[in-house]
Structure formats: structure tokens, C-alpha cells
Amino acid sequence: MPLKIIIALVLLCSIAHAKERIELPENYEFETLQEGIYQEVDLERVIDGDTFVASGRKIRLWGIDAPEKNEPLYWSSSTLLKGILESETLSCKLIEKDRYQRYVMHCLSGSLDVGSMMVNMGMAKDYSRYSGNYYQYEQDQAKANKRGMWRE
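Those letters in the sequence shown? Residues -18 to -1, 1 to 134, per mature numbering (1 follows the signal peptide of the UniProt record, and there is no 0), in order.
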């Protein structure tokens, strides 16, 4: 057996053994989200058209801005987001954690971009300050077709 394989096996065994001896506090929560990797999450509730809670985390959709509670289309936007998130398997990719301690994430419902659908339906705007105009095409389509916030 080559020396590299023996060394690797010894290291793995020692890591496994060390892991057994580590005692973690009862309330310790592993940070499982990794930047750049889509992971399945379980929807708990929708807060508004760009924020929801899933798998115990408050998630802010990356790249879009939806109406707030005191603005027109708040309920419509929130309801649409709920429908999109509940329709297929939800998976999200961590972009960053914002100053409000929300997880800013890019999310897919099945294989469809959630932000793209929200902007295309006129229920959110491209948040170009953060997205670099990522959803500009969808916003232009919503405006041209007078959907959602672009009806007038």
C-alpha cells in the first residue's frame, strides 16, 4: 500500500476519533450554508415579496426589491412569492449575510429563478444597486407588458 494512502487513512482515523471526543453545547447550531452552493431549504413563512423564513433562517432574495408593508402591491407581491416558493422544491445559494443578519440568497423554485419570476410579473424591481442590473431584462418586459407595479 503506498505511503500516501496509509498517511491519509491514519489522518482520517485520528480526525474521526477526535470528533467523537468533542463535546458541543446543547444549543450549538452548525452553520451549514456554504457560499456558492445551492441547498434545499424548507419554507416556513413569507414575510413580504422579497423576504421569507426557511429552514430556521430569515432569507432576503438577492437582486430584487419588492413593496414593503405600507406600499401598494405588498399583499399581491407576498402572495405571489408564497405561491412560487410552495410550487416546487426550493433551493437557495448564499450570497452574503446583510447588516440586518438576514441571509441574502439567490433562490430557485425547481429550476426557475425566483427573483426573475417576481420581477417579470411586476411584483418586484431589479435592485440594480446590488444586482448590477441582473434582472433588468425582466423589468423591461414587465414594464412593456404593464404588469404589476408597471400597470399605469
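Built from N, CA and C at the ideal position, the CB exists for glycine as well.
Between Arg129 and Gly104, the CB-CB gap stays under 7 Å. Within the region 54 to 117, the runs of alpha helix (DSSP H) at least 4 residues long that lie entirely inside it are, in chain order, 56 to 69, 96 to 102 and 110 to 113. The region 42 to 62 and the region 107 to 115 touch, with three or more beta-carbon pairs separated by less than 8 Å. Around the C-beta of Ser93, fewer than 16 other C-beta atoms lie within 10 Å, and the residue is accordingly described as exposed. With a contact defined as Cβ atoms closer than 8 Å, Glu22 and Ser73 qualify at about 5 Å. The alpha carbon of Ala106 has as its nearest neighbour, out of Leu76, Thr33, Glu78 and Glu26, the alpha carbon of Thr33. The beta-bridge partner set that DSSP reports for Tyr20 consists of Lys75.
In the displayed model, Ala124 falls within a helix according to three-state DSSP. Looking at the backbone, the Cα of Arg84 and that of Asn127 are separated by about 33 Å.
It is roughly 25 Å from the alpha-carbon of Arg81 to the alpha-carbon of Trp57. The C-beta distance from Asp30 to Ser60 rounds to 5 Å, short enough to meet the 8 Å contact threshold. With 16 or more other Cβ atoms inside 10 Å of its own Cβ, Ile66 counts as buried. Rounded to the nearest whole angstrom, the C-alpha separation of Leu90 and Arg133 is 26 Å.
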